[in-house]
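Peer 1:
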């Protein structure tokens, strides 16, 4: 099956700094990627839809200035958590959609803000 | 309110026994239906999906699910569980925009 990677897998940053998470589709082109957030022992919550070459669409309640999404190419989307605070600590997961509509998920990035 | 419900937070099952995970949805129209499995350190993996047609869907790893429109349900089953099936299972729905809405998840523990 298709492979989606995320980098880094785990990152620790200090409060007030920004951190960038990359999501790559390794063997297919993805015009659409999705970003999810998962709290411990909880479900995934869709944060935003990332479309190549256009602005991301954010779900209600997600701060677009806090979570910057860039989909620069058909194989790469990035999520930048700006001015991170401890409450932003979470597990961030991306998925990439194939032309046939299937979604493949990355392994996730654990962000810890100290 | 539109929602996906997985009533069972945690299920413990003996190895070799059967497993059934429940999923109900509440939407005006019938959505696309999915089951995913999440193992520690790994990304979500699609077990099976239902878009239309035969209401009994076969998936990977010996799983199957049955769509019941009258009950708004899409329950996942496996006849004989293996220790490697211990994981978190998520039911999810989507419409034409492919934006997935997930249930809260069910943790499956397999005892020897």
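Residue numbers (the working numbering), protein chains in the order written: chain A, 16 to 129; chain B, -5 to 106. A virtual CB, placed ideally from N, CA and C, is assigned to each residue, including glycine. Since we're looking at a predicted model, the values are computed, not measured.
#1: Taking only runs that begin and end inside the stretch 11 to 48 of chain B, name each unbroken beta strand (DSSP E) of 3 or more residues, in chain order.
#2: For residue 75(B) versus residue 27(B), is the C-beta spacing smaller than 7 Å?
#3: Leaving aside the five residues before and after residue 61(B) along the sequence, list all residues of the same chain whose C-beta is less than 6 Å from its C-beta, in chain order.
#4: Any idea if residue 86(A) is buried or exposed, counting beta-carbon neighbours within 10 angstroms, 16 or more meaning buried?
#5: Which value, in whole angstroms, describes the spacing of the CA atoms of residue 26(A) and residue 71(B)?
#6: Quick check on the burial criterion: 16 or more other C-beta atoms within 10 angstroms. Buried or exposed for residue 54(B)?
#7: Does the CB of residue 44(B) have a neighbour CB from chain A at under 7 Å?
#8: Please identify, using Cβ separations under 9 Å, the residues of the stretch 30 to 64 of chain B that lie next to chain A, in order along the chain.
#9: Among 93(B), 85(B) and 73(B), which residue has its Cα nearest to the Cα of residue 0(B)?
#10: Chain A partners of residue 97(B), CB-CB under 9 Å?
#11: In the DSSP assignment, the beta strand (DSSP E) including residue 22(A) goes from what residue to what residue?
#12: By Cβ distance, which residues of its chain are closer than 6 Å to residue 12(A), with the 5 residues on each side in sequence left out?
#13: Establish whether the CB of residue 72(B) and some CB of chain A are separated by less than 7 Å.
#14: Strictly under 7 Å for the Cβ-Cβ distance: is residue 92(B) near chain A by that measure?
#15: Tell me whether the stretch 4 to 24 of chain B and the stretch 120 to 129 of chain A touch, counting them as touching only if at least three CB pairs, one residue from each stretch, are closer than 8 Å.
#16: At what residues does the beta strand (DSSP E) containing residue 83(A) begin and finish?
#17: Taking the alpha carbon of residue 57(A) as the point to measure from, which residue in 107(A), 82(A) and 112(A) has its own alpha carbon closest?
#18: Grouping DSSP H, G and I as helix and E and B as strand, with all else coil, what is residue 64(B)?
#19: Going along the chain, which residues of the stretch 111 to 125 of chain A sit with their C-beta nearer than 9 Å to a C-beta in chain B?
#20: Which chain A residues sit within Cβ distance under 8 Å of residue 84(B)?
Peer 2: In terms of the structure at hand:
#1: 13 to 15, 18 to 20, 26 to 32 and 39 to 44
#2: Here residue 75(B) corresponds to residue number 81 of the second chain, with the count starting at 1. Here residue 27(B) corresponds to residue number 33 of the second chain, with the count starting at 1. The answer is no: Cβ separation not under 7 Å.
#3: The residue given as residue 61(B) occupies position 67 in the second chain. Within the same chain, residue 61(B) has close Cβ partners 44, 49 and 68.
#4: Position 71 of the first chain, counted from the first residue, corresponds to residue 86(A). It is buried - the Cβ of residue 86(A) has at least 16 other Cβ atoms within 10 Å.
#5: Sequence index remark: in the first chain, residue 26(A) carries index 11 (1-based). Sequence index remark: in the second chain, residue 71(B) carries index 77 (1-based). Answer to the nearest angstrom: the Cα atoms are 37 Å apart.
#6: By 1-based counting over the second chain, the position of residue 54(B) is 60. In summary, residue 54(B) is exposed, with fewer than 16 beta-carbon neighbours lying within 10 Å of its beta-carbon over all protein chains present.
#7: To locate residue 44(B), count along the second chain from 1; it is residue 50. Among the residues facing chain A, residue 44(B) is not included, as its CB has no counterpart in that chain under 7 Å away.
#8: 30, 32, 35, 36, 37, 38, 39, 40, 43 and 45
#9: Here residue 0(B) refers to the residue found at position 6 when the second chain is read from its first residue. Measuring from the Cα of residue 0(B), the nearest candidate turns out to be 85(B).
#10: Translated into positions along the second chain, residue 97(B) becomes position 103. Residues of chain A passing the Cβ test: 58.
#11: As a first step, residue 22(A) is located in the first chain; it is residue number 7 there, counting from the start. Start and end: 19 to 22.
#12: Look at the range of chain A in this structure, 16 to 129, and you will see that residue 12(A) is not part of it.
#13: Mapped onto the second chain, residue 72(B) falls at position 78. Output row for residue 72(B): interface = no.
#14: Here residue 92(B) refers to the residue found at position 98 when the second chain is read from its first residue. Chain A, which has a Cβ nearer than 7 Å to the Cβ of residue 92(B), makes this yes.
#15: Counting Cβ pairs under 8 Å, fewer than three are found: no touch.
#16: Counting from 1 along the first chain, the entry for residue 83(A) is found at position 68. Its beta strand (DSSP E) spans residues 82 to 88.
#17: As a working note, residue 57(A) is residue 42 in the first chain. Looking at the Cα atoms, 107(A) is the closest of the given residues.
#18: Counting from one through the second chain, the residue named residue 64(B) turns up at place 70. The answer is helix: DSSP assigns residue 64(B) an H, G or I state.
#19: 112, 116, 117, 118, 119, 120, 121, 122 and 123
#20: As a working note, residue 84(B) is residue 90 in the second chain. Neighbours of residue 84(B) across chain A, judged by C-beta separation under 8 Å: 58 and 59.
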